[in-house]
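Notes to accompany the following structure.
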Amino acid sequence: MKYDAQTMEKLVALAKRRGFMYAGSEIYGGLAGAWDYGPLGVMLKNNITQTWWKQFVTDREDMYGVDAAILMNPRAWVASGHVAGFSDPLVEDLKTQKRYRADHLLEEAGVVVTGMSISDMDTAIKEKGIKSPEGNPLGEVRQFNMMLKTSVGAIEDSSSVIYLRPETAGGMFVNFKNIVDTMAPKMPFGLAQIGKAFRNEIAPRDFIFRVRELEQMEVEYFVHPSDWERAFEEWRLQMLKYMDAIGLPRDMVHELEVAAEDRAHYSKRTIDFEFEFPFGCKELYGLAYRTDFDLQAHAGESKQSLTYFDEATKERFVPHVIEPSLGVGRTMLAVLASAYHEEEMDGEARVVLKLAKDIAPYRACVSPLLKNKPELVAKSREVYTALKKQFGNIAFDDNGNIGKRYRRQDEIGTPFCIVIDFDTLGENPANLDTVTVRNRDTGAQERIKISELANYIA
Ligand code: GAP
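Using the numbering used here, the first residue of the sequence shown is number 380, and each one after it goes up by one.
Have a look at this one:
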């Protein structure tokens with residue numbers, strides 16, 4: 380569906396109404412940049428992450444999973460360059476002291492910020508007379524480090540300061556030696572991790588697009604330096620395959636070759652996969668060639684050898700790294716936004732999430748035609764229990780009339796609604812032990828034998 384001006388508002392409302400996402404600590408007025416997954420959100424998120432883990436790890440022979448601690452020795456973030464350079468351009472409203480992203484204000488004023496330095500932005504803001512959203516004058520543009528700090532131990536001083544990891548990648552680089560020593564991997568090989576990361580975003584916004592507590596699915600893929608271009612292309616295709624698997628329409632995904640001046644400090648080549656979100660075409664995922672930047676930097680800081688000895692070629696070298704990095708929340712938002720449709724069916728308006736069936740929170744919903752007929756309810760429970768045992772994510776719904784149940788399931792993207800009626804029980808002997816299965820997208824109904832149901836919905 381083409382988005383309209385209210386799409387985001389409607390998506391946020393649906394996400395709350397149907398238990399996908401709630402504002403973090405909502406009863407206290409919320410907390411900017413923090414969102415909670417509700418029951419259906421958890422189911423959708425698990426399907427998103429499990430599909431990723433299967434494709435990027437389990438289905439391959441060259442991948443190893445890790446689950447590193449969020450809290451790391453702060454020297455790791457000095458080595459990685461994040462303490463010195465992980466920053467965004469910030470500008471302050473001189474009256475309210477509220478802080479804004481200088482690049483966002485410039486973009487909103489129609490300025491192309493690609494390649495602009497901090498002083499370029501400062502000059503542009505002054506020359507164009509750009510004011511804060513409240514209409515007040517702005518101060519100097521400054522760099523603002525985005526790492527969230529906390530402190531460990533009983534005494535709070537500069538020696539107790541540590542950072543919440545700003546990317547999951549760090550936990551994989553510091554485990555490179557452990558993996559080589561304990562798993563004896565053959566080159567090329569990769570590490571994969573799904574986990575939380577934290578960024579003190581100046582301007583969290585656009586629902587779950589830009590948050591302060593985020594979740595990433597990342598791979599650090601170690602290659603011989605001469606092999607990086609092949610591996611980069613392999614992972615580019617893997618990322619596209621993943622987007623197909625979770626049902627993101629290819630024509631809404633655009634690859635952007637990131638200009639040298641806009642790449643992260645560790646990258647020699649980056650492709651951003653941008654997605655057509657309701658608020659514009661914005662970064663969904665990144666694919667970076669991190670060279671040997673991180674292993675060299677950690678080797679220097681830790682004084683440990685982070686090299687690889689290739690038994691086949693008798694060569695010792697520092698591997699180079701290809702990194703596909705995918706945000707879980709942005710995936711969820713892209714999936715929800717592209718699946719959201721408002722349309723008419725059978726003369727009635729409906730909202731439907733056309734989610735890929737392996738991603739939808741529930742694969743099917745089982746209902747008795749009438750709630751007050753014990754024999755229908757009993758047969759429905761029997762069908763439901765058998766399917767739930769096999770698939771897990773099967774719903775049971777006997778509230779309201781059938782039409783209302785269909786609308787409810789459409790709104791949460793359930794691909795199949797299974798209805799047990801009197802024919803199922805043999806009122807029409809030709810239909811004994813069959814059920815009607817209604818297709819979410821077409822509304823078409825088919826009679827299917829109970830014995831064939833599992834195959835049908837799989
Ligand atoms: N390890 C590389 C890395 O972290 P990044 O481009 O900063 O690179 C990777 O982030 C991905 O993480 C992004 O493409 C996006 O999907 C997600 N991401 C980054 N910052 C985010 C934020 N503040 N809120 C939600 N997702 C974010």
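Every residue, glycine too, gets a C-beta built ideally from N, C-alpha and C.
Rounded to the nearest whole angstrom, the CA to CA distance from Phe696 to Arg819 is 54 angstroms.
Rounded to the nearest whole angstrom, the CA to CA distance from Phe601 to Met566 is 7 angstroms. Taking all protein chains shown into account, Asp441 has fewer than 16 neighbouring C-beta atoms within 10 Å of its C-beta and is therefore exposed.
With fewer than three CB-CB distances shorter than 8 angstroms, the stretch 666–673 does not count as touching the stretch 576–587. Residue pairing of Met400 in beta bridges, as defined by DSSP: Tyr416. Within the chosen limit of 6 angstroms, the ligand GAP does not reach the beta carbon of Leu635 with any heavy atom. Pairing Phe577 with Ile738, the inter-Cα distance amounts to about 26 angstroms.
Gly398 is not a Cβ neighbour of Leu423, given a cutoff of 7 angstroms.
In the same chain as Asp802, and ignoring 5 residues on each side of it, the C-beta atoms closer than 6 angstroms to its own belong to Asn810, in chain order.
A straight line joining the alpha-carbon of Val553 with that of Gly518 spans about 39 angstroms. Distance from the C-beta of Tyr664 to the nearest heavy atom of the ligand GAP is below 6 angstroms.
For the pair Thr386 and Arg629, the Cα-to-Cα distance works out to about 20 angstroms.
Looking at the DSSP output, Arg478 sits in a beta bridge with Glu471. Collapsing the DSSP output to three states places Gly659 in a strand. For the pair of segments examined, the stretch 779–793 was found not to touch the stretch 828–835: the number of CB pairs separated by less than 8 angstroms stays below three. Taking Lys474 as the centre and dropping the five residues before and after it, the same chain places the C-beta of Asn515 closer than 6 angstroms to its C-beta, in chain order. DSSP places Arg439 outside both helix and strand once states are collapsed to three, so it counts as coil. Leu749 carries a coil assignment under DSSP once its states are collapsed to helix, strand and coil. In this structure, Ser539 lies away from Gly550, with their beta-carbon atoms at least 7 angstroms apart. A straight-line Cα-Cα distance of about 38 angstroms links Val490 and Tyr407. As summarised for the stretch 607–645, the continuous alpha helix (DSSP H) elements at least 4 residues long and confined to that stretch are 607–624, given in chain order.
Counting C-beta pairs closer than 8 angstroms gives fewer than three between the stretch 642–660 and the stretch 726–741, which falls short of the contact rule. With 16 or more other Cβ atoms inside 10 Å of its own Cβ, His461 counts as buried. Excluding residues up to 5 positions away in sequence, Asp802, Thr803, Arg826, Ile827, Lys828, Ile829 lie with their Cβ nearer than 8 angstroms to the Cβ of Thr813 in the same chain.
Note on geometry: alpha-carbon atoms of Ala667 and Glu506 lie some 35 angstroms from one another. At least one heavy atom of the ligand GAP falls within 6 angstroms of the beta-carbon of Val590. Around Glu680, the same chain offers Arg454, Ala458 as residues with beta carbons nearer than 6 angstroms, after the five sequence neighbours per side are excluded. According to the DSSP assignment, Ala458 belongs to no beta strand (DSSP E) but to the alpha helix (DSSP H) extending over 454–458. A direct Cα-Cα distance of roughly 11 angstroms separates Gln434 from Met622. The C-alpha of Phe688 lies about 6 angstroms from the C-alpha of Glu694.
A distance below 7 angstroms separates the beta carbons of Met596 and Trp431.
The ligand GAP has a heavy atom closer than 6 angstroms to the beta-carbon of Arg578. Collapsing the DSSP output to three states places Thr815 in a strand.
Relative to the ligand GAP, Glu546 has its C-beta within less than 6 angstroms of a heavy atom.
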